[in-house]
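What follows is a single structure, written as structure tokens, with notes after it.
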Amino acid sequence: MTERFLLLNGKKFYYDEIAAYSFRNSIPLNGYEAKILEFCKDWLNGVQEFPIQTSGSTGTPKLITLTRRQLEISARRTIRILGLSADDHMLVCLNTEYIAGMMMLVRGLLANMQMTIVDPVGNPLALVPEGEKIDFASFVPMQLQTILQDLPEAMQQLNQMKAILVGGAPVSFTLQRSLQQLQVPVYHTYGMTETASHIALRMLNGPHAAEYYETMDGVKIGQDSRGCLTIKADITENKTLITNDIVEILTPTRFRWIGRADNTINTGGVKVQTEVVEVAVSEALAALDETPRFFVASQPDELLGEKVILVLEGKKLTEETELQIQEKLKGLLRKFEMPKDIYYSSAFSETATGKVSRLRTMQKLGLETD
88 MTERFLLLNG
98 KKFYYDEIAA
108 YSFRNSIPLN
118 GYEAKILEFC
128 KDWLNGVQEF
138 PIQTSGSTGT
148 PKLITLTRRQ
158 LEISARRTIR
168 ILGLSADDHM
178 LVCLNTEYIA
188 GMMMLVRGLL
198 ANMQMTIVDP
208 VGNPLALVPE
218 GEKIDFASFV
228 PMQLQTILQD
238 LPEAMQQLNQ
248 MKAILVGGAP
258 VSFTLQRSLQ
268 QLQVPVYHTY
278 GMTETASHIA
288 LRMLNGPHAA
298 EYYETMDGVK
308 IGQDSRGCLT
318 IKADITENKT
328 LITNDIVEIL
338 TPTRFRWIGR
348 ADNTINTGGV
358 KVQTEVVEVA
368 VSEALAALDE
378 TPRFFVASQP
388 DELLGEKVIL
398 VLEGKKLTEE
408 TELQIQEKLK
418 GLLRKFEMPK
428 DIYYSSAFSE
438 TATGKVSRLR
448 TMQKLGLETD
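For reference, each letter of the sequence shown is one residue, going 88 to 457 in the working numbering.
See below:
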């Protein structure tokens with residue numbers, strides 16, 4: 088049997104070396120590389136519990152502990168549903184200190200796949216050695232959009248893959264439109280740190296593209312009194328996990344994600360879901376060939392209580408372009424959903440996983456936050 092190894096930023100490490108950590112004084116490592124190899128060492132040596140920090144994109148980051156069994160259950164489901172095997176070569180380009188990147192390592196170790204691991208940069212394919220065939224990868228939406236914009240020739244490389252996962256943030260209208268050019272199946276994931284990555288997948292492209300998520304085997308879903316998703320499965324140790332995500336349940340295994348309960352704006356007595364407004368803004372910007380990052384939030388208003396606002400990243404758009412956006416939105420949104428003001432941030436604040444931190448961005452702009 089061929090001796091197993093992984094490539095980490097171009098450095099080759101054999102599994103027996105990793106398990107013994109025998110290279111510690113002979114190969115220079117930065118802090119991120121050392122943490123990856125320490126996790127792999129612990130896994131190969133049978134460690135049963137793994138502390139991991141939540142991303143902090145929707146609240147204060149916290150440290151939780153997941154068991155080896157939970158990680159294995161999650162990884163095996165993904166390996167099975169995507170048809171992955173030891174013959175496959177996977178790219179790990181997400182931050183492995185958080186659940187999405189950590190689970191890529193677990194999948195690779197469990198399925199004995201060859202792993203190429205690179206830093207979690209905007210365009211990770213640029214770090215992959217030329218001519219190297221990748222069969223499986225997972226990206227955040229910003230990475231996938233950057234790849235498609237910066238490397239038109241990457242289309243062929245992506246289409247050689249068995250499957251692509253994309254998660255960690257909503258997929259914009261512009262990205263979803265671009266994905267229709269790809270033949271490789273691209274899945275949008277739904278999950279969180281507490282569920283050891285995704286518990287449901289949504290096809291984004293091809294003839295089976297859908298607006299709903301399909302749960303993985305053995306996952307039971309429901310709703311609480313707020314209309315938020317509840318999850319019960321072996322991955323949650325058969326305890327009911329109550330999320331903060333408002334959903335529409337279509338069947339016992341299918342749900343449509345509406346938005347987060349804490350992203351509901353009460354404007355003039357009418358409840359507005361920020362994610363609904365963001366879908367319309369994404370479509371309006373795409374129609375004008377504008378692709379800045381953005382988010383929708385609220386600010387106090389004397390008359391309405393709260394007003395809807397739009398925050399765009401980058402240079403201020405011209406007054407004419409702003410008016411064109413407003414006109415487009417009038418055809419997509421109801422009157423009370425329309426953003427009343429547009430603000431600009433030269434650069435959004437981000438979490439360690441590359442997600443936009445709305446809270447820190449608004450604080451930087453001097454806007455009020457809840």
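For glycine and all other residues, C-beta sits at the position ideal for the given N, C-alpha and C.
Three-state class that DSSP yields for residue i in the structure shown
i, result
"K249", "coil"
"E136", "strand"
"S169", "In the sequence as presented, Ser is not what sits at residue 169; that position holds Leu. Three-state DSSP puts L169 in a helix."
"D388", "strand"
"F435", "coil"
"L420", "coil"
"M242", "helix"
"K319", "strand"
"D349", "helix"
"D332", "strand"
"K307", "strand"
"A283", "coil"
"M425", "coil"
"T536", "Lying outside 88 to 457, the shown extent of the chain, residue 536 is not represented and no answer is given."
Residue from the options with nearest C-alpha to residue i
i, options, result
"V398", "Y431, E301 and E281", "Y431"
"A173", "N199, L131 and C180", "N199"
"A107", "W130, T330 and E424", "W130"
"S313", "I329, T302, G305 and N325", "Note that residue 313 is Arg in the sequence shown here, rather than Ser. Checked all of I329, T302, G305 and N325; the closest Cα to R313 is I329."
"V443", "E400, L454, V306 and E406", "E400"
"E377", "L158, L245 and L262", "L262"
"Q268", "Q232, I286 and I114", "Q232"
"L316", "L337, A296 and E298", "L337"
"G97", "K326, I105, L214 and R155", "L214"
"L94", "A287, V271 and M202", "M202"
Nearest-angstrom beta carbon gap, residue j and residue i [assumed within contact, 8 angstroms]
i, j, result
"D103", "M177", "Going by Cβ atoms, the distance from D103 to M177 rounds to 20 angstroms, so no, they are not a contact pair."
"P257", "E365", "7 angstroms"
"I308", "I318", "6 angstroms"
"F423", "V359", "6 angstroms"
Check whether the region 205-212 and the region 148-168 are in contact - that is, three or more C-beta pairs closer than 8 angstroms. At 8 angstroms Cβ cutoff, the stretches do not touch.
Which runs of the alpha helix (DSSP H) at least 4 residues long sit entirely within the region 174-231? Give them in chain order. Whole alpha helix (DSSP H) segments, 4+ residues: 186-198.
Are there three or more Cβ pairs, one per stretch, closer than 8 angstroms when the region 229-241 is compared with the region 117-126? Contact between the region 229-241 and the region 117-126 is absent, because fewer than three Cβ pairs lie under 8 angstroms.
Segments assigned alpha helix (DSSP H), at least 4 residues, entirely inside the region 96-128: 102-107, all fully within the region 96-128.
Between the region 444-452 and the region 411-426, can you find at least three pairs of beta-carbon atoms closer than 8 angstroms? With the cut-off at 8 angstroms, the region 411-426 and the region 444-452 do not touch.
Could you check whether the region 212-219 touches the region 184-200, counting it as contact only if at least three pairs of C-beta atoms, one from each stretch, sit closer than 8 angstroms? At 8 angstroms Cβ cutoff, the stretches do not touch.
Are there three or more Cβ pairs, one per stretch, closer than 8 angstroms when the region 339-356 is compared with the region 403-412? Using a Cβ-Cβ distance cut-off of 8 angstroms, the region 339-356 and the region 403-412 are not in contact, since fewer than three pairs of beta carbons, one from each stretch, lie closer than that value.
Uninterrupted alpha helix (DSSP H) stretches inside the region 353-408 (no shorter than 4 residues): Segments of the alpha helix (DSSP H) lying fully in the region 353-408: 361-374.
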